[in-house]
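According to mature numbering (1 follows the signal peptide of the UniProt record, and there is no 0), the sequence shown holds residues -27 to -1, 1 to 353 in order.
Each remark here refers to the structure printed beneath this line.
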Amino acid sequence: MRFFLHLCRVSHLLSLVVALLSVVACTEQVDDFTAVGDRRTATVRLLIPQTHAATRVASYIAPTDPDYETQLIAEENAIYTLRIVIYSLHANNNATTINRFYTAEELKKAQTDTEGNYVLTIKGVSAGPAQICVLANEASIGQDYSDILTMQRQTVDVETTGTDGTTTIASKVLIVDEDYRYFPKRGTELLAETTRKGLPMSWMVKNRSINAAPDADNTFNVELERCVSKLRMEIKNSFSADIKVREISFGQFFGDKFYLFRESDLDVPGDAKYIEKTFTDNVDYPIENGKSLLLICYLYPSFAWTSSDIASPYTIGFRTEKGDYPLMAFLHATSGNRYNSITRNTQVNIDITLSGASNVSVDFEVVEWQSVDIEVPSFD
């Protein structure tokens, strides 16, 4: 059964107009968590890891600033807003939707458990099968789901084929950033936002049974993951003199869309449009002899290299006053292999050494984006 967001079914004999009206009419949005009708209801507890936003120290932080990565790490983990959506399916395909929104200030006042997780208690959840969606920082991708129909209108049917050849249809929330307005985004841009929005994060479970028994434990551990990927570039100057990086170019791997909730490892829309990207604005970074410069960029998950018959688009190039460094493919630091994709919530470490007018080496490694001490290749 395709449960996600297709909660209201009507007979194929009804007209399209009646069908559309039925979708709106039979989906009840319950913002105050009260029980609906005579249905049996239960209380759901969501455990959400507690994070803290960065403390703003300046309106602009350059990559050469010693606080640059420390500030970014805090910002990458910050939750400014949190939305919880619970879809409950009942008999006759009637559905109840609970849509709850929390600000950062409200989260700070929330109950916490012994492990420091926020404990968010939601009452009035209808017993039976349910789908729970959690979304953090929706404004970072230009979204506002105060009206849950907004999310429903973004739902598309996606056909997938399993390893056994079986074809299935899944309903997914598709986010389209037609003008690449929100991503890709440099670390300096993320920190310079007047109103900080953080990075988009999401989590979802489907077809979970909500038990209305008095002693039932309807507790869920929410494991939010970022919906974007991170490029962490460390550029080493092996010249005998200082240099300045004045332009950074990337190949055609920046996509314009993604699925809001991941359901498989890659899970990238097949019709994503990929563009090249060259950064020149505010790019004039000095690197001392023998020193390194750290640059950060965020992007939607990417699957831009689908055929080995063409050159890999996962490339990077530079321009300095010493000369131009043409686009070169990302190569794994140990195997030398090229990658064909970048999954969400992963960090791509790119180590670049500039050592001559046209001599550049590029090593490429994908690691988990997780909370650890700041040591290469780990990032946070």
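Ideal Cβ positions, reconstructed from N, Cα and C, are used throughout, including at glycine.
Just so we're clear, the structure is a prediction, and the values are computed from it rather than from any experiment.
- Non-local C-beta neighbours of Phe223 in its own chain, meaning closer than 6 Å and more than five positions away in sequence, comprise Lys250, Ile289, ordered along the chain.
- The Cβ-Cβ distance between Arg311 and Ser285 falls below 7 Å.
- Counted as a single uninterrupted DSSP element, the alpha helix (DSSP H) harbouring Leu164 occupies residues 160 to 165.
- Between the alpha carbons of Ile34 and Asn50 lies a gap of roughly 18 Å.
- Across the set Thr54, Leu62, Ala83, the C-alpha of Leu62 shows the shortest separation from the C-alpha of Thr14.
- With respect to the 7 Å criterion, Tyr53 and Gly243 are not classified as neighbours on the basis of their beta carbons.
- CA-to-CA, the gap between Thr192 and Asp257 works out to about 50 Å.
- Of Lys217, Ser175, Val201, the smallest CA-CA separation from Ile208 is found for Lys217.
- When secondary structure is reduced to three states using DSSP, Tyr287 falls in the coil class, being assigned neither helix nor strand.
- Along the length of the region 123 to 163, whole beta strand (DSSP E) runs at least 3 residues long occupy 128 to 134, 140 to 149, reported in chain order.
- Note that the C-beta distance between Val195 and Leu19 is below 7 Å.
- Its Cα nearest to that of Leu108, the residue Leu197 stands out among Glu294, Pro39, Leu197, Asp282.
- Put simply, the backbone Cα of Ile142 is about 15 Å away from that of Tyr232.
- Looking at the DSSP output, Ile46 sits in no beta bridge, so it has no partner there.
- Taking the CA atoms as reference points, Ser265 sits about 17 Å from Gly160.
- In the DSSP assignment, Pro259 is bridged to Lys217.
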